[in-house]
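Numbered according to this note's numbering, the sequence shown spans residues 1 to 99.
Note that CB positions come from ideal geometry on N, CA and C, so glycine has one too.
Predicted model, so just to flag it, every value in this text is computed and none were measured.
Taking it in order: structure first as structure tokens, then the write-up.
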Amino acid sequence: MEKLHFNFPASKPIDHPVHIGVVASGDLEVIMRPTTADEAQLSIVTGSDGFKTVWQNVLKRYFDRYPLLAEFEINDFGATPGVVNLRLTQAMEALNDEQ
């Protein structure tokens, strides 16, 4: 099990929490919470060690497109980069649907 932490520049604050996905084989959950920080903060717990660079690349692409200012908690159980991007995008869409 590996714990990763990333910060990314972000400019669009969220005003309520969002929870998407489940921790299950090949999947992950994303929890987004409002923050007073000046950049997005991500805490990731993953069962797959040694993929920090892959996570960083996937997250950079996401934040380049969706600069959401929030505290992110991601609990991963072997999700592929495509599933990571899907869940993050679903969280962003759920945020928009609830506003």
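Of all the options the options, which has the alpha carbon lying nearest to the alpha carbon of residue i?
| i | options | result |
| --- | --- | --- |
| H5 | M92, Q56, S43 and N75 | S43 |
| S48 | Q41, P81 and D64 | P81 |
| K3 | T36, T35, Q56 and F63 | Q56 |
Going by DSSP, which residues form a beta bridge with residue i?
| i | result |
| --- | --- |
| H19 | I31 |
| I74 | V30 and I44 |
I need the straight-line Cα distance from residue i to residue j, nearest angstrom please.
| i | j | result |
| --- | --- | --- |
| A91 | E29 | 10 Å |
| A24 | M1 | 15 Å |
| L68 | A40 | 7 Å |
| R61 | T89 | 11 Å |
Are residue i and residue j touching if we call contact CB-CB under 7 Å?
| i | j | result |
| --- | --- | --- |
| M32 | V18 | yes |
| A94 | I14 | no |
| A79 | D27 | yes |
| R87 | G21 | yes |
| V83 | V58 | no |
The ligand ZN and residue i: does the residue's C-beta get closer than 6 Å to at least one heavy atom of that ligand?
| i | result |
| --- | --- |
| L59 | In terms of ligand content, the structure shown is empty, and the ligand ZN therefore cannot be addressed. |
Under 8 Å, with one C-beta from each stretch per pair, do the region 7-16 and the region 48-58 reach the 3-pair mark?
no
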